[in-house]
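Mapped onto the numbering used here, the consecutive letters of the sequence shown carry residue numbers 1318 to 1843. First comes the structure, then the notes that go with it.
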Amino acid sequence: MNDGVPRLRHLVVVFGDQLNTGSAAFADFRRDRDMVWMAESAVEARHVWSSQQRIAFFFAAMRHFAQALRELGRPVHYRELGDDEASLWDLLTEDLARLQPRRVVCVQPGEWRVREGLVQVCRAAGVPLEVRPDRHFMDTPESFRRWAEGRSQIRLEHYYREMRRRHRVLLEPDGSPAGGAWNFDRENRCGFGKDGPPDIPPPLRFAPDPLTGEVLRLVRRRFASHPGNLASFGWPVTRAQALEALEDFIAHRLPLFGRYQDAMWSGEPFLFHALLSAALNVKLLDPREVLSRAEQAWREGAAPLAAVEGFIRQILGWREYVRGLYWWRMPGYAARNALGADQPLPVFYWDGETPLACLSEVVGQTLQHGYAHHIQRLMVTGLYGLLLGVDPRAMHEWYLAVYVDAVEWVELPNTLGMSQYADGGLMASKPYAATGKYIQRMSNYCARCPADPAAATGPRACPFTTLYWDFLLRHEERLRANPRMALQVRNAGRLSAEERAAIRARAAQVRADPACGGLFPVSSLF
Ligand code: FAD
Ligand code: SF4
1318 MNDGVPRLRH LVVVFGDQLN TGSAAFADFR RDRDMVWMAE SAVEARHVWS
1368 SQQRIAFFFA AMRHFAQALR ELGRPVHYRE LGDDEASLWD LLTEDLARLQ
1418 PRRVVCVQPG EWRVREGLVQ VCRAAGVPLE VRPDRHFMDT PESFRRWAEG
1468 RSQIRLEHYY REMRRRHRVL LEPDGSPAGG AWNFDRENRC GFGKDGPPDI
1518 PPPLRFAPDP LTGEVLRLVR RRFASHPGNL ASFGWPVTRA QALEALEDFI
1568 AHRLPLFGRY QDAMWSGEPF LFHALLSAAL NVKLLDPREV LSRAEQAWRE
1618 GAAPLAAVEG FIRQILGWRE YVRGLYWWRM PGYAARNALG ADQPLPVFYW
1668 DGETPLACLS EVVGQTLQHG YAHHIQRLMV TGLYGLLLGV DPRAMHEWYL
1718 AVYVDAVEWV ELPNTLGMSQ YADGGLMASK PYAATGKYIQ RMSNYCARCP
1768 ADPAAATGPR ACPFTTLYWD FLLRHEERLR ANPRMALQVR NAGRLSAEER
1818 AAIRARAAQV RADPACGGLF PVSSLF
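Below, the structure written as structure tokens:
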């Protein structure tokens, strides 16, 4: 007791990606004894050079969540961004000294660094810390580890089937997969062809309310030099909005999701994608409700099985898989660099200033909306980094900074493992290496580009195509040992000495000026 006032029992620390009123942190919450603690920090926003969209999304969602908690009668101590440069840990240390809770309670953070920071701050303050499991996810790090450690090689397909069985998703009553197959990829992943996409229902966007408006003004003032802008901000920042966004996707875009999952088109940043990753990652949505709405749409005949299975695979498969892998392999995972890549990240990744159409389009929409879909991230910006040989750490910091859905447990394995092959094949069975012809097949970008996707050398060589061959030549030894790369390595082996020299010379020009991809001066080509 302290002046007759009972001492605070639990200080429940809620980070920006833990906005779930039903989380384990609240399991035994007592409004008369406990208090929620949330904080905005400029240091967190600058830990990687976060885009304005990402900062605004997190702060707006956090402020709305604090309001929702207060409406539930749960006291919240919310530290709005001050004019200082205080870190989360400075703020928490100050409040632990002032509030003197008996215990700090928190759900497992989404980033190794944050978990370590929290442990240290509590230890230094002499306050016991209780970290509770994150019930949002459908697997636990411990169960993933048991699954992974029993195998010589881990692959998504095996994990995904097990998750389908375990959670009884898209199964027939006898336990076999709905429709007789686990995977309908053959029916999915088409390009749009010359006519372009069919009518695309525009996704639901949410006009900023006064609380979000305040955050947008704050971000414009405090983070004016950060990448991107806020003109288009329309992300769901409350649970009600996230549920509306889910219904909008199920009704309007899910039926064509699978077929056009990998396609890209100029001026169409969203296509048939869900735009739900940010709401899921801050826990405004529960993956179970998303999966069950998608499955229901199929059972009611509102969406084909191939589309629904393709969508469910992303959430029950990939999303859980990358989280398991992250906690299994951290902290060493972040330092992996299997290909010894050491080039700097091209400057145009931060401003979109490049004449190369695919990169200009993808980086441009990323800065404008804080969004690009999976194939844009993997096969445009990711592929260019892989082929150039950019240091995977720099790639990782860029992806973590620019997307509204970026939280390290999901971003790092996707970037370092899937897109950069920096983990040497733990996540992906082979590097996602391709020429500009892949981008030409899946989009209309090449039609307005000064480069020619078919050319590896010559004045109009596409830098992706040049660098693809250069990549195979540089890593020939290593890739030869991978049976899934055999054909590509054999093809590279057929290049004559002159062709190899020309590719290497052109690749050096690309590396000297990656924004122009060796096409310099671009104006001389027309
Ligand atoms: P859709 O394409 O409509 O897919 C539906 C849902 O499936 C998504 O909302 C997401 O929750 C899940 N999903 C799809 N693919 C993946 C995947 N590979 N890993 C995990 N979940 C997946 N996703 C993030 O949520 N945060 C990130 O920081 C992130 N960084 C990435 C970095 C790189 C280099 C790459 C290649 C992919 C990254 N992804 C990331 C995965 C994927 O690109 C996004 O989840 C997806 O583009 C989000 O858009 P959407 O909601 O419209 O997804
Ligand atoms: Fe991209 Fe090459 Fe196509 Fe230009 S030609 S849009 S650089 S793939």
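Ideal Cβ positions, reconstructed from N, Cα and C, are used throughout, including at glycine.
According to the DSSP assignment, R1797 belongs to the alpha helix (DSSP H) that extends over 1793-1797. Per DSSP, the continuous alpha helix (DSSP H) segment holding Y1701 begins and ends at 1699-1705.
In this structure, DSSP gives V1444 a state outside helix and strand, which the three-state scheme calls coil. With fewer than 16 other Cβ atoms inside 10 Å of its own Cβ, N1808 counts as exposed. For W1354, the three-state secondary structure derived from DSSP is strand.
Considering only V1448, D1668, Q1805, V1721, the residue with the shortest C-alpha distance to V1599 is V1721. Contact annotation, Q1660 with V1707: C-beta distance approximately 5 Å; criterion of less than 8 Å satisfied. The C-beta distance from P1780 to L1673 rounds to 7 Å, short enough to meet the 8 Å contact threshold. Under the three-state reduction of DSSP, H1394 is assigned to strand.
A1377 places its beta carbon less than 8 Å from that of V1554. Non-local beta-carbon contacts of T1698 in its own chain, meaning distances under 6 Å to residues more than five positions away in sequence, involve V1679 in chain order.
When DSSP states are grouped into helix, strand and coil, D1769 belongs to the strand group. Annotation for R1817: L1790 place their beta carbon closer than 7 Å to its own, counting only its chain and skipping 5 residues before and after. Closest in alpha carbon position to Y1395, among L1435, W1667, F1332, is F1332. Not one heavy atom of the ligand FAD is found less than 7 Å from the C-beta of L1563. Taking a cut-off of 8 Å on C-beta distances, the region 1711-1721 does not touch the region 1606-1623, as fewer than three cross pairs fall below it.
Contact check for M1696 and A1751: beta-carbon distance about 7 Å, within the 8 Å limit, so the pair qualifies.
DSSP lists no bridge partner for C1507.
Going by DSSP, R1630 is part of no alpha helix (DSSP H) at all; its letter is neither H nor E. If the five residues before and after S1736 are omitted, its C-beta is found closer than 6 Å to the C-beta atoms of L1695, G1699, all from its own chain and listed in chain order.
Set against 7 Å, the gap from the CB of W1715 to the closest heavy atom of the ligand FAD is not smaller. In the same chain as R1387, and ignoring 5 residues on each side of it, the C-beta atoms closer than 8 Å to its own belong to V1393, in chain order. With a contact defined as Cβ atoms closer than 8 Å, W1582 and S1760 qualify at about 6 Å.
With the rule of 3 Cβ pairs closer than 8 Å, the region 1441-1452 counts as touching the region 1334-1350. About 7 Å separates the Cβ atoms of L1416 and M1352, confirming a contact at the 8 Å cut-off. Residue pairing by DSSP places C1423 opposite V1330, V1448 in a beta bridge.
Considered as a whole, the region 1582-1623 harbours 1594-1598, 1604-1616 as its complete alpha helix (DSSP H) runs of no fewer than 4 residues, in chain order. Assignment of L1812 by DSSP, reduced to helix, strand and coil, places it in the coil class. With a threshold of 16 other beta carbon atoms within 10 Å, L1389 falls short and is exposed.
For E1728, the enclosing alpha helix (DSSP H) stretches over residues 1725-1729. Beta-bridge analysis with DSSP links L1571 to no other residue.
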